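Okay, structure first, notes after.
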Amino acid sequence: MINKRYLPSITALQCFEAVTRHLSFTRAAEELNLTQSAVSKQVAQLEELLQHLLFRRVRRRLQLTPAGDLYLGEVRKILTQVEMSTHYLRSYGGDTEVLRVSTPPTFGARWLVPRLKGWRLRHPKIHLDLCSEQEADDLLQGRSDLAFYFGQGSRPGAESLKLFGEELVPVCAPGNLPAQPFSDPTQLTDLVLLQNASRPQAWHDWFASQGYHTEHSYHGPRFETFYMCIRAAQVGCGVALLPRFLVEEELADGKLVIPWHYAMPSTDAYYLAYPEHSAEVPKVRLFVEWMLEQNEVSMAP
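Going by my numbering, the letters in the sequence shown line up with residues 1 to 301, in that order.
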């Protein structure tokens with residue numbers, strides 16, 4: 001529950017933000033169509049609530065205090081979010097529904113987004129809200145209506161539909177290839193192995209599945225997302241181990257090449273999940289049908 005005792009008014013926050021831009025109560029008042037005393041009173045009430053001075057007068061001029069400067073960044077984020085939320089709601093009619101979908105970031109950008117083309121035309125009253133910040137309990141907590149994920153096919157309280165598996169291949173920039181072809185995969189360590197934070201054992205498993213071992217399989221710069229690994233490989237930082245479907249475009253264009261032709265199938269797969277109780281919710285059912293249709297098209301020979 002929000003403690004209203006420590007909740008400043010939007011007016012107070014607007015007054016504070018305006019004063020920081022103008023460094024003048026008078027000019028801030030003119031912008032907000034308030035009196036100078038009203039603006040001054042709002043800021044004073046804010047300082048009393050925070051128990052910190054937000055401004056000081058130096059040679060008859062206003063200056064932000066360190067506390068004021070710290071608070072300003074937070075206030076601007078709050079006001080921006082309120083404005084965005086207002087525009088967000090104004091953009092819908094009364095019969096428009098929002099469908100919240102969470103997705104791994106690179107999967108969402110590379111695989112999901114291209115398959116959303118035409119969704120708006122077929123379902124104009126269902127507005128998609130995509131998010132790449134995922135938590136394991138997003139579905140159960142109601143933060144998402146559906147979730148794409150990579151892993152095993154079961155989640156508590158959810159229905160999971162398998163979309164497809166993947167195979168991991170090493171990729172690098174063409175300029176990183178040596179003059180002589182590699183004679184064994186461990187020589188890839190000379191190129192620098194790019195690590196993905198979500199798959200820390202990927203290189204070790206890739207070497208082991210071919211009967212090789214190297215003490216360097218965990219060495220190399222670590223990146224949070226596959227997209228960062230793709231870019232790092234493209235600009236010549238090293239060799240990345242990536243799901244082939246995420247780099248088909250770069251491989252086709254010659255921006256990336258496969259330095260050792262071995263693809264390791266993953267034991268996990270990509271799934272689309274939704275809460276069990278939502279199976280017959282129209283917006284969820286329609287999105288599931290759409291994605292299964294799109295997946296069939298993409299898998300067709």
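In this text, a Cβ means the ideal position worked out from N, Cα and C, and glycines have one as well. All figures in this text were calculated on a predicted structure; none of them were measured in a lab.
Candidates L286, D268, S24 and V247: which alpha carbon is nearest W111's? Stepping through the sequence shown from its first residue, residue 111 is reached at position 111. Among L286, D268, S24 and V247, the Cα nearest to that of W111 is on V247.
Nearest neighbour of E224, chosen from H261, T20 and P105 [CA to CA]: By one-based count along the sequence shown, residue 224 stands at place 224. Nearest of H261, T20 and P105 to E224, Cα basis: P105.
Spatial distance of G151 from R143 (CA atoms): By one-based count along the sequence shown, residue 151 stands at place 151. By one-based count along the sequence shown, residue 143 stands at place 143. For G151 and R143, the distance between alpha carbons rounds to 20 Å.
DSSP-derived helix/strand/coil call for S102: Reading the sequence shown from its first residue, position 102 is the one you call residue 102. Here S102 sits in strand by DSSP.
A158 versus V82 - alpha carbon distance: Locating residue 158 in the sequence shown gives position 158, counting from the first residue. Locating residue 82 in the sequence shown gives position 82, counting from the first residue. Taking the straight line from one Cα to the other gives about 32 Å.
For the candidate residues A44, H52, Q63 and K41, whose alpha-carbon lies nearest to that of L23? Taking the sequence shown and counting its residues from 1, the one referred to as residue 23 is at position 23. The candidate whose alpha carbon is nearest that of L23 is Q63.
Would you mind reading off the limits of the beta strand (DSSP E) that contains V281? For the purposes of this step, residue 281 is taken as residue 281 along the sequence shown, with counting starting at 1. Note, V281: premise wrong, no beta strand (DSSP E); not H, not E.
Could you check where the beta strand (DSSP E) with A173 kicks off and where it finishes? In the sequence shown, residue 173 corresponds to position 173, counting from 1. Element bounds for A173: n/a, residue is neither H nor E.
What first and last residue would you give for the alpha helix (DSSP H) that runs through Y227? Within the sequence shown, numbered from 1, the residue matching residue 227 stands at position 227. First-last of the alpha helix (DSSP H) with Y227: F226 to Q234.
What's the call for A263, buried or exposed, on a 16-neighbour Cβ count within 10 Å? In the sequence shown, residue 263 corresponds to position 263, counting from 1. It counts as exposed.
Taking just the CA atoms, how far does F107 sit from P221? Translated into positions along the sequence shown, residue 221 becomes position 221. Translated into positions along the sequence shown, residue 107 becomes position 107. Cα to Cα, P221 sits roughly 21 Å from F107.
Taking all protein chains shown into account, decide if Q294 is buried (16 or more other Cβ within 10 angstroms of its Cβ) or exposed. Taking the first residue of the sequence shown as 1, we reach residue 294 at position 294. Buried: at least 16 other Cβ atoms inside 10 Å.
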